[in-house]
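Everything on this sheet refers to the single structure shown next.
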Amino acid sequence: MLLTFIGGFIDSYTYVLRGHVLAASQTGNIIFLSVNLANHNLPGALVKICSLISFVIGVGLVTLLNLRFKVSNYWRLATLFPGIVTCIIVGMLPANTSDVIIIGLLSLSMSMQTTSFSMIEGQAYNNVFSTGNLKKAIISLSYFIYNHDRDKLNTFLLYIELVFCFAIGALVSAILQKEFNLHTIWIAAFLQFLVAIWYAVIINWRENYQNKQRK
Numbered sequence: 006m007l008l009t010f011i012g013g014f015i016d017s018y019t020y021v022l023r024g025h026v027l028a029a030s031q032t033g034n035i036i037f038l039s040v041n042l043a044n045h046n047l048p049g050a051l052v053k054i055c056s057l058i059s060f061v062i063g064v065g066l067v068t069l070l071n072l073r074f075k076v077s078n079y080w081r082l083a084t085l086f087p088g089i090v091t092c093i094i095v096g097m098l099p100a101n102t103s104d105v106i107i108i109g110l111l112s113l114s115m116s117m118q119t120t121s122f123s124m125i126e127g128q129a130y131n132n133v134f135s136t137g138n139l140k141k142a143i144i145s146l147s148y149f150i151y152n153h154d155r156d157k158l159n160t161f162l163l164y165i166e167l168v169f170c171f172a173i174g175a176l177v178s179a180i181l182q183k184e185f186n187l188h189t190i191w192i193a194a195f196l197q198f199l200v201a202i203w204y205a206v207i208i209n210w211r212e213n214y215q216n217k218q219r220k
């Protein structure tokens, strides 16, 4: 849930403070790109293109990392640290830093995050945008209404919670930007660090438990 909060938090940050671009939601960026091209806004189009390319690279890198180190339970940790470092650096850069650089770095890290962490409670989900989560929520609710399947109700509640976490993340980011401006992104770095620690602890606990079971 915290990763979904972070996804909304960072998209709100880049949209408000970095040229009305979304770091993660490439559907929105494709629309913005098309509008920029129609209006001959080449600088704006360049930022969206950079976001798209960076997102694609991030997905590819994580896929290759998974294939190379899939025997390790810790490989996902390696995909969180680029996001932490990126958010720290971005918060240090002045306002006149090119949006191409800022968005490129954040889109890369967000795509690595969403590709690495794509399952929750046995369900596929996305932690950097909400269209798919909302669709799955309503599908599950429809099944529950028709079949009275309690599992579908639980699935509906899970996806709705994800949607709200994303929205709350965006809202909190927008509020904090009024106080901390460009430094707001450091809060995202701190939250990602908490996720990394939590994930490492959980993996370590599971490995110790499995080792005890074998004995």
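Oh and the sequence shown: position 77 is 82 in our numbering, straight run, nothing missing. Don't be surprised by glycine CBs; every beta carbon is placed ideally from N, CA and C.
DSSP places MET117 inside the alpha helix (DSSP H), whose first and last residues are 104 to 121. Residue state for MET6 is assigned as coil, using DSSP reduced to three classes. Residue pairing for GLN218: DSSP places it in no beta bridge.
Here ILE108 really is in contact with ALA28; their C-beta atoms are around 6 Å apart, less than 8 Å. Inter-segment contact for the region 192 to 203 and the region 78 to 95 is present: three or more beta-carbon pairs are separated by less than 8 Å. GLN31 counts as buried, since at least 16 other C-beta atoms from the protein chains shown sit within 10 angstroms of its C-beta.
The beta carbon of VAL133 lies closer than 6 Å to those of GLY12, ALA29, MET115 and THR119 in the same chain, with the five residues before and after it left out. Leaving aside the five residues that flank ILE173 on each side, the residues in its chain whose CB is nearer than 8 Å to its CB run, in chain order, PHE10 and GLY13. The three-state reading of DSSP puts ALA129 in strand, counting E and B together. VAL105 places its beta carbon 7 Å or farther from that of VAL61. By the Cβ-count criterion, ILE58 is exposed, with fewer than 16 other Cβ atoms from all chains shown falling within 10 Å of its own Cβ. With a beta-carbon spacing of about 20 Å, THR136 and TYR18 fall beyond the 8 Å limit used to define contacts.
The Cβ-Cβ distance between ASN71 and ILE208 does not fall below 7 Å.
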